[in-house]
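Participant:
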DNA sequence: GTCTATAAGCAGATAGAC
DNA sequence: GTCTATCTGCTTATAGAC
């Protein structure tokens, strides 16, 4: 019973990269096989449901990754300013400085969009809620916090699309840099 | 020599709808054929280069459509406020109140992203420049106008992604409604 | 857990009749 | 300008040996 050639976490990392590069429809089993170094049959051993299974696993994987890199720093103790800065560093790393597409975007298109409708909605809502909660704790009124949380997600998603269409990541970095000012507008500098 | 069953403009409209619904990879010839009501061979008669040709035509078609609905009202004479409002009405119509995906997003992914790299970059740059020019004419300093123009595109692109992932267009409408305030921040109400 | 082989179907694209 | 028929290659998925 030979051990796996690479740990399952690395398989998921490589599947994620392949889906991000080609989209759901464009990520053929041939490409997924090449990206992971596993034969088709091995992929079906890990993911009996085939490509759909792989995409679902990727969705869960990037969700956990996002939680660790972006939401966890935001939820720690201490003043809101440094926590936002750590969140932004996390976003920058998660999206590879603007080069990586977001699976919310990729998996929202076509066949995948129907298959993962519920997962996508829950995921976006969860992130918006976590952001709004952090802003609320920092003293931003609830309704405003909710809108600003949503605006934050809108901003980095839009920046990713524009960066990709332009072939220039600079807009992503600029949008991230301007997030704290927008999120904490009209707040005292030490607020939270 | 029988006349075409439907005018070419309608063919392009239906192709656009199909690409928007399924993405580039997901829009198979079978689907494009079904969407237009034309057989495969007829599609190849209109677009000898096949699917790539159809996508290029769609890109040009939506570009002209965007020009007419969004940029033209912005470039008219008169105060900036009403012109921005007409632009927003145009955006709302162009993106079907937030339901339609943007081809900048769809065609930026995978194989299409490589094929249409230059067209996408030019298209985004053109729209950003037109927006920046309008803001500049209204008295917004050039550097700020450029950033705000880019932010506008980022905002509605991000709103489209979030709206689709959430299955709820309301964020798109909210983002559009807030555009004038963001674009004309720190400007006298009659500016322009 | 990986491999080779293969099935069954769909992809994009073309030929030639009408 | 549309049609039917067809081609080649790639798609997802499975079977069974090791």
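Residue numbers (our numbering), protein chains in the order written: chain A, 26 to 217; chain B, 26 to 217.
Heads up, the beta-carbon is just placed ideally off N, CA and C, and yes, glycines get one too.
1. Against chain A, with Cβ distances strictly below 9 Å, would residue 134/B count as a contact?
2. For residue 252/A and residue 170/A, what's the separation of their Cα atoms in angstroms?
3. If contacts are defined as beta-carbon pairs under 8 Å, then residue 204/B and residue 109/B qualify, I think. What distance do you get, rounded to the angstrom?
4. Residue 148/A to residue 156/A, Cα distance in whole Å?
5. Starting from residue 178/B, find everything on chain A with Cβ-Cβ shorter than 8 Å and list it in chain order.
6. For a contact defined as C-beta to C-beta under 8 Å, what are the partners of residue 191/B on chain A?
7. Would DSSP call residue 58/A helix, strand or coil?
8. Let's test the definition: count the other Cβ atoms within 10 Å of the Cβ of residue 76/B and tell me whether it reaches 16, buried, or not, exposed.
9. Under 8 Å by Cβ, that's how I've got residue 134/A and residue 51/B pegged, so tell me the actual separation to the nearest angstrom.
10. Determine the closest residue to residue 166/A out of 210/A, 143/A and 90/A, with distance taken between C-alpha atoms.
11. Does the stretch 174 to 190 of chain B come within contact of the stretch 169 to 183 of chain A, defined as at least 3 CB pairs closer than 8 Å?
12. Contact criterion: CB-CB distance below 9 Å. Does residue 92/B meet it with respect to chain A?
13. Just the Cα atoms here: how many angstroms apart are residue 127/A and residue 100/B?
14. List the whole-angstrom C-beta distance separating residue 122/A from residue 194/A, where the pair is believed to meet the contact cut-off of C-beta under 8 Å.
15. Residue 31/A: buried (16+ other C-beta within 10 angstroms of its C-beta) or exposed?
16. If residue 146/B and residue 191/A are in contact, beta carbons under 8 Å, what's the gap, nearest whole angstrom?
17. Using three-state DSSP, classify residue 217/B as helix, strand or coil.
18. Counting contacts by CB-CB distance shorter than 9 Å, is residue 130/B in contact with chain A?
19. Tell whether a beta-carbon distance below 9 Å holds between residue 160/B and residue 48/B.
20. Express the C-alpha separation of residue 43/A and residue 68/A in angstroms, rounding to a whole number.
21. Residues of the stretch 48 to 67 of chain B in Cβ contact with chain A at a cutoff of 7 Å, in chain order, please.
22. How many Å lie between residue 89/A and residue 94/B at the Cα?
23. At which residues does the alpha helix (DSSP H) containing residue 183/A begin and terminate?
24. Quick check: the Cα distance between residue 136/A and residue 163/B, rounded to an integer number of angstroms?
25. Within this structure, are the beta carbons of residue 61/B and residue 87/B separated by less than 9 Å?
26. Short check: CB of residue 84/B to CB of residue 139/B, under 9 Å?
27. Indicate whether at least one CB of chain B lies closer than 9 Å to the CB of residue 113/A.
28. Let me see if you follow: with CB-CB separation under 9 Å, is residue 172/B close to chain A or not?
29. CA-CA distance, residue 40/A and residue 185/A?
30. Could you work out which residues of chain B lie near residue 46/A, taking near to mean beta carbons separated by less than 8 Å?
31. Can you check whether the CB of residue 152/B is closer than 9 Å to the CB of residue 242/B?
32. Anyone know if the C-beta pair for residue 106/A and residue 213/A falls short of 9 Å?
33. If you drop the 5 nearest sequence neighbours on each side, which residues of the same chain put their C-beta closer than 7 Å to that of residue 125/A?
Facilitator: A quick look at the data gives this:
1. By 1-based counting over the second chain, the position of residue 134/B is 109. Yes, its Cβ sits closer than 9 Å to a Cβ of chain A.
2. Nothing about residue 252/A can be read from this structure; chain A reaches only from 26 to 217.
3. Translated into the one-based positions of the second chain, residue 204/B becomes position 179. Translated into the one-based positions of the second chain, residue 109/B becomes position 84. At roughly 7 Å, the Cβ-Cβ gap stays under 8 Å, so residue 204/B and residue 109/B are in contact.
4. Position 123 of the first chain, counted from the start, is the residue given in the question as residue 148/A. Position 131 of the first chain, counted from the start, is the residue given in the question as residue 156/A. Cα to Cα, the separation comes out at about 13 Å.
5. By 1-based counting over the second chain, the position of residue 178/B is 153. Chain A residues near residue 178/B: 183 and 187.
6. Reading the second chain from its first residue, position 166 is the one you call residue 191/B. Residues of chain A passing the Cβ test: 145, 146, 149 and 150.
7. For the purposes of this step, residue 58/A is taken as the residue at position 33 of the first chain. Helix at residue 58/A.
8. On the second chain, residue 76/B is found 51 positions in, with the first residue counted as 1. So residue 76/B counts as buried.
9. Indexing the first chain from 1 puts residue 134/A at position 109. Indexing the second chain from 1 puts residue 51/B at position 26. So it is a contact: roughly 7 Å between Cβ atoms.
10. Taking the first residue of the first chain as 1, we reach residue 166/A at position 141. Comparing Cα-Cα distances from residue 166/A to each of 210/A, 143/A and 90/A, the minimum goes to 210/A.
11. yes
12. As a working note, residue 92/B is residue 67 in the second chain. No, its Cβ sits nowhere closer than 9 Å to a Cβ of chain A.
13. Working through the first chain from its first residue, we reach residue 127/A at position 102. Working through the second chain from its first residue, we reach residue 100/B at position 75. Taking the straight line from one Cα to the other gives about 34 Å.
14. Position 97 of the first chain, counted from the first residue, corresponds to residue 122/A. Position 169 of the first chain, counted from the first residue, corresponds to residue 194/A. With a Cβ gap of about 6 Å, residue 122/A and residue 194/A count as contacting.
15. Along the first chain, one-based indexing puts residue 31/A at 6. So residue 31/A counts as exposed.
16. The residue given as residue 146/B occupies position 121 in the second chain. The residue given as residue 191/A occupies position 166 in the first chain. About 5 Å; that satisfies the 8 Å criterion.
17. As a working note, residue 217/B is residue 192 in the second chain. Any reading at residue 217/B must be qualified, since the residue scores a pLDDT of 43, below 50, and its modelled position is unreliable; no value is offered.
18. Position 105 of the second chain, counted from the start, is the residue given in the question as residue 130/B. Interface residue, yes.
19. As a first step, residue 160/B must be located in the second chain, where it is residue number 135. As a first step, residue 48/B must be located in the second chain, where it is residue number 23. No, Cβ-Cβ distance for residue 160/B and residue 48/B is not below 9 Å.
20. For the purposes of this step, residue 68/A is taken as the residue at position 43 of the first chain. For the purposes of this step, residue 43/A is taken as the residue at position 18 of the first chain. So the two alpha carbons sit approximately 14 Å from each other.
21. 48, 50 and 51
22. Within the first chain, the letter at position 64 stands for residue 89/A. Within the second chain, the letter at position 69 stands for residue 94/B. So the alpha carbons of these two residues sit roughly 41 Å apart.
23. Here residue 183/A refers to the residue found at position 158 when the first chain is read from its first residue. Run containing residue 183/A: 167 to 191, per the alpha helix (DSSP H) assignment.
24. As a first step, residue 136/A is located in the first chain; it is residue number 111 there, counting from the start. As a first step, residue 163/B is located in the second chain; it is residue number 138 there, counting from the start. Approximately 44 Å, taken between the alpha carbons.
25. Position 36 of the second chain, counting from 1, holds the residue named residue 61/B. Position 62 of the second chain, counting from 1, holds the residue named residue 87/B. Cβ atoms of residue 61/B and residue 87/B: not closer than 9 Å.
26. On the second chain, residue 84/B is found 59 positions in, with the first residue counted as 1. On the second chain, residue 139/B is found 114 positions in, with the first residue counted as 1. No, these two residues do not count as a Cβ contact at 9 Å.
27. Counting from 1 along the first chain, the entry for residue 113/A is found at position 88. For residue 113/A, the answer is no, since every Cβ of chain B falls outside 9 Å of its Cβ.
28. The sequence position of residue 172/B within the second chain is 147, counting from 1. Closer than 9 Å: yes.
29. The sequence position of residue 40/A within the first chain is 15, counting from 1. The sequence position of residue 185/A within the first chain is 160, counting from 1. Their Cα atoms are separated by approximately 20 Å.
30. Position 21 of the first chain holds residue 46/A. Correct list: 135.
31. The structure shown does not extend to residue 242/B, since chain B spans only 26 to 217, so no value can be given for it.
32. Here residue 106/A is taken as the residue at index 81 of the first chain, counted from 1. Here residue 213/A is taken as the residue at index 188 of the first chain, counted from 1. Not a contact, by the Cβ cut-off of 9 Å.
33. On the first chain, residue 125/A is found 100 positions in, with the first residue counted as 1. Answer for residue 125/A: 45, listed in chain order.
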